[in-house]
Amino acid sequence: PTKDTYDIVIVGGGSSGSVLAARLSEDPSISVLLLESGPTDKHLLVEVPLASQFLQGSDRDWRAETDPQEHACGEIACRSGGRHSGSTGCCRWPL
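Encoded structure:
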């Protein structure tokens, strides 16, 4: 951030947050801060369709896991999600 105060703070630079920040910043009287926890999306694997699947398990993946599920034989479910500008909207990971 380059300022101490902002009129609007948007947490999450995913598809929705990025569009919302862009639209709100069209008004020059409003200062908007968009926060994203991950690194920038200037990575070749993010830019190339279907190549981003190789980012799973990297620092650009939230790597969320459930607790062991009693009714699924104790299995743990993993849910990958993008952790960078564009968030999961940039992750074209096959499901």
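Under this note's numbering, the residues of the sequence shown are numbered 2 to 96, in order. For each residue, glycine too, the CB sits at the ideal point set by N, CA and C. Just so you know, these numbers come straight off a predicted model, no measurement behind them.
Rounded to whole angstroms, L35 and T67 show a C-alpha spacing of 29 Å.
C-alpha of S30 to C-alpha of G15: approximately 24 Å in a straight line. Following the DSSP letters along the chain, one finds V20 inside the alpha helix (DSSP H) bounded by residues S16 to L25. Distance between S59 and I9, taken at the CA atoms: about 31 Å.
The beta carbon of I77 lies closer than 8 Å to those of E66, T67, D68, P69 and Q70 in the same chain, with the five residues before and after it left out.
When only Cα atoms are considered, E27 and A52 end up about 33 Å apart. Note on G75: under 16 other CB atoms within 10 angstroms of its CB, so exposed under the neighbour-count rule.
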